[in-house]
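Colleague: Structure incoming, see below.
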Amino acid sequence: MLYVIFSTFPDEESAEKVAKEAIAKRLAACIWIVPGIKSYYIWKNEMQEDKEVLLVAKVPEEKVDELTEFVRKNHPYEVPEIIGVKADRVLPEYLKWAKEVCQGEG
Amino acid sequence: MLYVIFSTFPDEESAEKVAKEAIAKRLAACIWIVPGIKSYYIWKNEMQEDKEVLLVAKVPEEKVDELTEFVRKNHPYEVPEIIGVKADRVLPEYLKWAKEVCQGEG
Amino acid sequence: MLYVIFSTFPDEESAEKVAKEAIAKRLAACIWIVPGIKSYYIWKNEMQEDKEVLLVAKVPEEKVDELTEFVRKNHPYEVPEIIGVKADRVLPEYLKWAKEVCQGEG
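Following this line, the structure appears as structure tokens:
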């Protein structure tokens, strides 16, 4: 099984730093960075409108906890948004590659 | 549990209006707007290619029906695309914050 | 039930070609193309940083295998990323439309 983990960052620099380190540590098979997101939410009773960048990590299930903890520890926010969605239909060859690369092969 | 709700809009203005109102009504904890999407679909037997904007709402499960109904009622399209995906791995601190903010706290 | 299928492409041209053909063959109800993605992954032990385009197909469950096979056969990569996530909360009118359009109606 594969998980798709979403987390937003304040800028591309902080997102890319975490992305590259997570990949180097083999905590995710592949990570996308999607720039130009606008985020709306309430913080201390006031509407916030922030420019953000979205990090999307594709992670074998066995690495989800480790990847989540790594992002949390290295994230600029105190309470970062880290949400995981199960991908239960994955091209078998891609899933095989993803698992191998996260075990240090490839 | 948290849900990620996707809905596309014809432009940033209509998407932002719905996003801000949904957040103000505490129907979603956080909403992203992703600009610059291209959509392809068939309508009355003809290929359509539209420029659209993607709204992505992070919603505690107990608010999904209310948020879906709100988006439907305030959407410029007759049959809007409103699709929800379950996020079953969410950072606990973030999930706690999302639930509280949708109950009017924070 | 509806599935959301993600696949990244090297450029908009190859993504749009596959998107339009999949829609014309009624293998998906609607397809988004999201430009300007950056992808990080390891290939032959080296960190890769590619500019990519994300294709997102909304597919009735009964068409998921056919759509996946079509994307795999027409994709420029040898091992393409094709991952599917279940959308279990879909606006009923939209789901009805999606099923009909994939059966050649509408």
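Protein chains in written order, with my numbering: chain S, 1 to 106; chain F, 1001 to 1106; chain Y, 2001 to 2106. Ideal Cβ positions, reconstructed from N, Cα and C, are used throughout, including at glycine.
(1) Closer than 8 Å by beta-carbon distance: list the chain F residues that pair up with S/Glu81, in chain order.
(2) For Y/Glu2016 and F/Glu1105, I'd like the C-alpha separation in whole angstroms.
(3) Pairs of beta-carbons, one from the region 1060-1076 of chain F and one from the region 1005-1016 of chain F, closer than 8 Å: are there three or more?
(4) Given S/Ala22, which residues of its chain have a CB within under 8 Å of its CB, disregarding the five upstream and five downstream residues?
(5) What is the rounded straight-line gap between the Cα of Y/Asp2088 and the Cα of Y/Leu2095?
(6) Taking any Cβ of chain F, which residues in the region 8-42 of chain S have a Cβ under 9 Å from it, in chain order?
(7) Give the residues of chain F in contact with S/Lys86, contact being defined as C-beta atoms less than 7 Å apart.
(8) Taking 8 Å as the threshold (C-beta atoms), are F/Val1018 and F/Leu1054 in contact?
(9) Kindly say whether Y/Leu2002, judged by its beta-carbon, lies nearer than 8 Å to any beta-carbon of chain F.
(10) Y/Trp2043: buried (16+ other C-beta within 10 angstroms of its C-beta) or exposed?
(11) S/Glu49 bridges to which residues according to DSSP?
(12) If you measure between the beta carbons of S/Leu91 and Y/Ile2082, is that distance less than 8 Å?
(13) Which class does S/Leu54 belong to by DSSP, given the choice of helix, strand or coil?
(14) Going by DSSP in three states, S/Tyr94 sits in which element: helix, strand or coil?
(15) What does a CB cutoff of less than 8 Å around Y/Gln2103 pick up in its chain, not counting 5 residues either side in sequence?
(16) Helix, strand or coil, according to DSSP, for S/Ala29 in the structure here?
(17) Check this for me: beta carbons of Y/Pro2076 and Y/Ser2014, under 8 Å apart or not?
(18) Beta-carbon of S/Leu55 versus every beta-carbon of chain C: anything under 8 Å?
(19) Find the residues of chain S that neighbour Y/Val2064, judging by a C-beta separation of less than 7 Å, and give them in chain order.
(20) Which chain S residues sit within Cβ distance under 9 Å of F/Val1101?
(21) What span of residues does the alpha helix (DSSP H) with S/Lys73 cover, start to end?
(22) In whole angstroms, give me the CA-to-CA distance for F/Ala1098 and S/Lys51.
(23) Please list, in chain order, all residues of the same chain as F/Pro1035 whose beta carbon is under 7 Å from its beta carbon, the five residues on each side excluded.
Modeller: Short version:
(1) For the purposes of this step, residue 81 of chain S is taken as the residue at position 81 of the first sequence. Simply Cys1030, Lys1058, Leu1091, Tyr1094.
(2) Here residue 2016 of chain Y refers to the residue found at position 16 when the third sequence is read from its first residue. Here residue 1105 of chain F refers to the residue found at position 105 when the second sequence is read from its first residue. Cα to Cα, Y/Glu2016 sits roughly 44 Å from F/Glu1105.
(3) yes
(4) For this step, residue 22 of chain S is matched to residue 22 along the first sequence. Contacts found: Ala28, Ile31, Ala57, Leu67, Phe70, Val71.
(5) As a first step, residue 2088 of chain Y must be located in the third sequence, where it is residue number 88. As a first step, residue 2095 of chain Y must be located in the third sequence, where it is residue number 95. Going from the Cα of Y/Asp2088 to the Cα of Y/Leu2095 covers about 11 Å.
(6) Thr8, Val34, Gly36, Ile37, Lys38, Ser39, Tyr40, Tyr41, Ile42
(7) Translated into positions along the first sequence, residue 86 of chain S becomes position 86. Those are Asp1088, listed as they occur along chain F.
(8) Locating residue 1054 of chain F in the second sequence gives position 54, where the first residue counts as 1. Locating residue 1018 of chain F in the second sequence gives position 18, where the first residue counts as 1. No.
(9) Position 2 of the third sequence, counting from 1, holds the residue named residue 2002 of chain Y. Judged by the 8 Å Cβ criterion, Y/Leu2002 is in contact with chain F.
(10) Taking the first residue of the third sequence as position 1, residue 2043 of chain Y is located at position 43. So Y/Trp2043 counts as exposed.
(11) Counting from 1 along the first sequence, the entry for residue 49 of chain S is found at position 49. Answer is S/Tyr40.
(12) Counting from 1 along the first sequence, the entry for residue 91 of chain S is found at position 91. Counting from 1 along the third sequence, the entry for residue 2082 of chain Y is found at position 82. Their beta carbons are under 8 Å apart, which means S/Leu91 touches Y/Ile2082 by this criterion.
(13) Here the question's residue 54 of chain S lines up with position 54 in the first sequence. Residue state, collapsed to three classes: strand.
(14) Residue numbering aside, residue 94 of chain S sits at position 94 when the first sequence is read from its first letter. DSSP places S/Tyr94 in helix when its eight states are reduced to three.
(15) In the third sequence, counting from the first residue as 1, residue 2103 of chain Y sits at position 103. Hits under 8 Å: Arg2026.
(16) Within the first sequence, the letter at position 29 stands for residue 29 of chain S. Looking at S/Ala29 - three-state DSSP - the assignment turns out to be coil, as it is neither helix nor strand.
(17) In the third sequence, residue 2076 of chain Y corresponds to position 76, counting from 1. In the third sequence, residue 2014 of chain Y corresponds to position 14, counting from 1. Yes. Within cutoff.
(18) Looking for chain C here will not work: the only protein chains present are S, F and Y.
(19) Walking along the third sequence from the start, residue 2064 of chain Y turns up at place 64. Ordered by position in chain S, the residues that pass the 7 Å Cβ test against Y/Val2064 are Arg89.
(20) Numbered from its first residue, the second sequence carries residue 1101 of chain F at position 101. Ordered by position in chain S, the residues that pass the 9 Å Cβ test against F/Val1101 are Tyr41, Ile42, Trp43.
(21) Counting from one through the first sequence, the residue named residue 73 of chain S turns up at place 73. 64-73 is the span of the alpha helix (DSSP H), which, as asked, contains S/Lys73.
(22) Translated into the one-based positions of the second sequence, residue 1098 of chain F becomes position 98. Translated into the one-based positions of the first sequence, residue 51 of chain S becomes position 51. Cα-Cα distance, rounded: 19 Å.
(23) Sequence index remark: in the second sequence, residue 1035 of chain F carries index 35 (1-based). Excluding positions up to five away in sequence, the list reads Glu1012, Val1053.
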